[in-house]
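Enquirer: This is the structure, below, for whatever I ask next.
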Amino acid sequence: MDDTAVRLTGLTRRFGPVRAVDGLDLTIARGSTVALLGPNGAGKTTAISIMLGLDAADSGTATVFGRPPAEAVRAGQVGTMLQDAGWVPSATIREVVELARALYPHPLPTDRILDLAGLTERADRRLDKLSGGEAQRARFAFALAGNPDLLVLDEPTAAMDVAARQAFWAAIHQYTAEGHTVLFSTHHLHEADEFADRVVVLAAGRVVAEGPPAQIRALAGGRTVSFDLADGPIEGLDALPGVRSVQVRGQRVVLTTEDSDATVLALAGTRGFRGLEVNAAALEAAFLTLTAPGTEH
Ligand SMILES: Nc1ncnc2c1ncn2[C@@H]1O[C@H](COP(=O)(O)OP(=O)(O)OP(=O)(O)O)[C@@H](O)[C@H]1O
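In this text, residue positions in the sequence shown follow numbering that gives the first Met the number 0: the first is 0, and each later residue adds one.
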């Protein structure tokens, strides 16, 4: 069996003068959990729409499990969280789930869907009586109905509160533990860090970096050294060995450095400080570095 779930090759989609997706190459292995990151307008939704067969590329190819995306969707191999178009407001969650199951050849049992989506207690509630987070979970239940091998989710946790997010990621974890593949876009970088085993960063319709979260973080350049300055000048911190940037947040100074050992040793010889911490750079820093306009990697 081919171990590729999604393959995009030289994909381009233009809207007038805008190249929403611009020669995108991307391969997603079966069984992986991939986070798609990128600033507003990077082309995430456009790429996802093409993967779901909802939009067509101007050039290049997209295949899902080796076939055209729309065909894979029709066969129940792909699940997604649709917006509410076509939902009957007076229907209950259970009714919508039953309806969705009827569309597919090998659906999951209704109780399992409701359990995974955290909706067992709310199954008989009408769609028009749901909170934003509950409606999002109902969309998730809909996505799971066909027991798809691949879930493609565009900002799945956008309307969820902290508890709903935790429950959602626990469900995704159960799902991927069974060997399923998940691609999700998010603006919550910690979600990519915590839940994806691979991160793909898009900017201006292209992949600017991809790899495990730790590898993407490393692209930001090492570590941060932070401390409260007790004695000595702020000026000159940027000249310490390894330091790439200096931020001051009230009393706290945060240095981004390529060589934290050398930075700390030099710092100790010149200034007094308290509460020293050395941390790995956050994914946020890598993201900003990678997607800064005009930056080529
Ligand atoms: N139907 C459309 N008509 C015209 N322009 C579009 C259309 N869809 C997308 N675009 C443009 O294509 C670019 C990519 O948009 P897309 O929605 O794919 O980005 P995104 O990464 O999902 O952004 P966001 O994080 O804001 O959701 C943007 O410049 C957007 O304005």
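Beta carbons are placed, not taken as given, at the ideal position from N, Cα and C, and that holds for glycine.
Any chance the stretch 190-200 sits against the stretch 21-41, with 3 or more Cβ pairs inside 8 Å?
Expert: Short answer: they touch.
Enquirer: List the whole-angstrom C-beta distance separating residue 4 from residue 64, where the pair is believed to meet the contact cut-off of C-beta under 8 Å.
Expert: One-based indexing of the sequence shown puts residue 4 at position 5. One-based indexing of the sequence shown puts residue 64 at position 65. Residue 4 to residue 64, Cβ: 6 Å. Contact.
Enquirer: Would you call residue 148 buried or exposed, if buried means 16 or more other Cβ atoms sit within 10 Å of its Cβ?
Expert: As a first step, residue 148 is located in the sequence shown; it is residue number 149 there, counting from the start. Classification for residue 148: buried.
Enquirer: Go ahead and label residue 286 buried or exposed: buried means 16 or more other beta carbons lie within 10 angstroms of its beta carbon, across all protein chains shown.
Expert: Counting from 1 along the sequence shown, the entry for residue 286 is found at position 287. Result: buried.
Enquirer: Distance check for residue 256 and residue 227, CA to CA, integer angstroms please.
Expert: Start at 1 with the first residue of the sequence shown, and residue 227 comes out as number 228. Start at 1 with the first residue of the sequence shown, and residue 256 comes out as number 257. Computed Cα separation, rounded: 17 Å.
Enquirer: Classify residue 270 as helix, strand or coil using the three-state DSSP reduction.
Expert: Your numbering for residue 270 matches position 271 in the sequence shown. Three-state DSSP puts residue 270 in coil, outside helix and strand.
Enquirer: Reducing DSSP to helix, strand and coil, say where residue 76 ends up.
Expert: Within the sequence shown, numbered from 1, the residue matching residue 76 stands at position 77. Three-state DSSP puts residue 76 in coil, outside helix and strand.
Enquirer: Relative to the C-alpha of residue 120, which residue among 289, 137, 291, 107 is closest?
Expert: One-based indexing of the sequence shown puts residue 120 at position 121. Closest option to residue 120, Cα to Cα, is 137.
Enquirer: In whole angstroms, give me the CA-to-CA distance for residue 40 and residue 7.
Expert: For the purposes of this step, residue 40 is identified with residue 41 of the sequence shown, where counting begins at 1. For the purposes of this step, residue 7 is identified with residue 8 of the sequence shown, where counting begins at 1. Computed Cα separation, rounded: 19 Å.
Enquirer: Going by DSSP, which residues form a beta bridge with residue 321?
Expert: Limits of the chain in this structure are 0 at one end and 296 at the other, which puts residue 321 out of reach.
Enquirer: Spatial neighbours of residue 57 within its chain, please: C-beta separation below 7 Å, excluding the five flanking residues on both sides.
Expert: Reading the sequence shown from its first residue, position 58 is the one you call residue 57. Cβ neighbours of residue 57 beyond the five flanking positions: 11, 12, 13.
Enquirer: I'd like to check one pair, residue 290 with residue 207: are the Cβ atoms closer than 9 Å?
Expert: Translated into positions along the sequence shown, residue 207 becomes position 208. Translated into positions along the sequence shown, residue 290 becomes position 291. Their beta carbons are under 9 Å apart, which means residue 207 touches residue 290 by this criterion.
Enquirer: Say the cut is 8 Å; is the CB of residue 274 nearer than that to a heavy atom of ligand 1?
Expert: In the sequence shown, residue 274 corresponds to position 275, counting from 1. False, no ligand heavy atom lies under 8 Å from that Cβ.
Enquirer: For the alpha helix (DSSP H) containing residue 246, name the first residue and the last one.
Expert: Walking along the sequence shown from the start, residue 246 turns up at place 247. Careful: residue 246 lies outside any alpha helix (DSSP H), inside the beta strand (DSSP E) at 242-248.
Enquirer: Measuring from the CB of residue 57, is there a heavy atom of ligand 1 at a distance below 8 Å?
Expert: Indexing the sequence shown from 1 puts residue 57 at position 58. Every heavy atom of ligand 1 is 8 Å or more from the Cβ of residue 57, so no.
Enquirer: DSSP beta-bridge partners for residue 89?
Expert: As a working note, residue 89 is residue 90 in the sequence shown. Residue 89 is not bridged to any residue.
Enquirer: Here's a check: name, in chain order, each residue in its chain whose Cβ is nearer than 8 Å to the Cβ of residue 75, leaving out the five neighbours to either side.
Expert: The sequence position of residue 75 within the sequence shown is 76, counting from 1. Within the same chain, residue 75 has close Cβ partners 102, 103, 104, 105, 106, 145, 146, 147.
Enquirer: May I ask which residues mark the beginning and end of the alpha helix (DSSP H) holding residue 115?
Expert: As a working note, residue 115 is residue 116 in the sequence shown. 109-115 is the span of the alpha helix (DSSP H), which, as asked, contains residue 115.
Enquirer: Within 8 Å, do at least three Cβ pairs link the stretch 78-96 to the stretch 112-129?
Expert: Contact between the stretch 112-129 and the stretch 78-96 is present, because at least three Cβ pairs lie under 8 Å.
Enquirer: So, helix, strand or coil for residue 193, using DSSP?
Expert: In the sequence shown, counting from the first residue as 1, residue 193 sits at position 194. It is helical.
Enquirer: Taking the Cβ atom as the reference point for each residue, do residue 69 and residue 52 lie within a distance shorter than 9 Å?
Expert: Here the question's residue 69 lines up with position 70 in the sequence shown. Here the question's residue 52 lines up with position 53 in the sequence shown. Their beta carbons are under 9 Å apart, which means residue 69 touches residue 52 by this criterion.
Enquirer: Tell me, which residues are paired with residue 139 by DSSP?
Expert: As a first step, residue 139 is located in the sequence shown; it is residue number 140 there, counting from the start. According to DSSP, residue 139 bridges with nothing at all.
Enquirer: Tell me whether residue 131 sits in a helix, a strand or coil according to DSSP, three-state version.
Expert: Position 132 of the sequence shown, counting from 1, holds the residue named residue 131. Reduced to three states, the DSSP call for residue 131 is helix.
Enquirer: Express the C-alpha separation of residue 238 and residue 211 in angstroms, rounding to a whole number.
Expert: Mapped onto the sequence shown, residue 211 falls at position 212. Mapped onto the sequence shown, residue 238 falls at position 239. Looking at the two C-alpha atoms, the distance is approximately 32 Å.
Enquirer: Do residue 152 and residue 80 have their C-beta atoms within less than 9 Å of each other?
Expert: As a working mapping, residue 152 is identified with position 153 in the sequence shown. As a working mapping, residue 80 is identified with position 81 in the sequence shown. Contact: yes.
Enquirer: Let me make sure I understand the geometry here. Which of 54, 23, 37, 66 has the alpha-carbon closest to that of residue 1?
Expert: Walking along the sequence shown from the start, residue 1 turns up at place 2. The shortest C-alpha separation from residue 1 is found at 66.
Enquirer: At which residues does the alpha helix (DSSP H) containing residue 164 begin and terminate?
Expert: The residue labelled residue 164 in the question sits at position 165 within the sequence shown. From DSSP, the alpha helix (DSSP H) with residue 164 extends over 161-176.
Enquirer: Going by beta carbon distance, what residues of the same chain come within less than 7 Å of residue 300, once the five residues before and after it are set aside?
Expert: Past the boundaries of the shown model lies residue 300; the chain is included only from 0 to 296, so the question cannot be answered.
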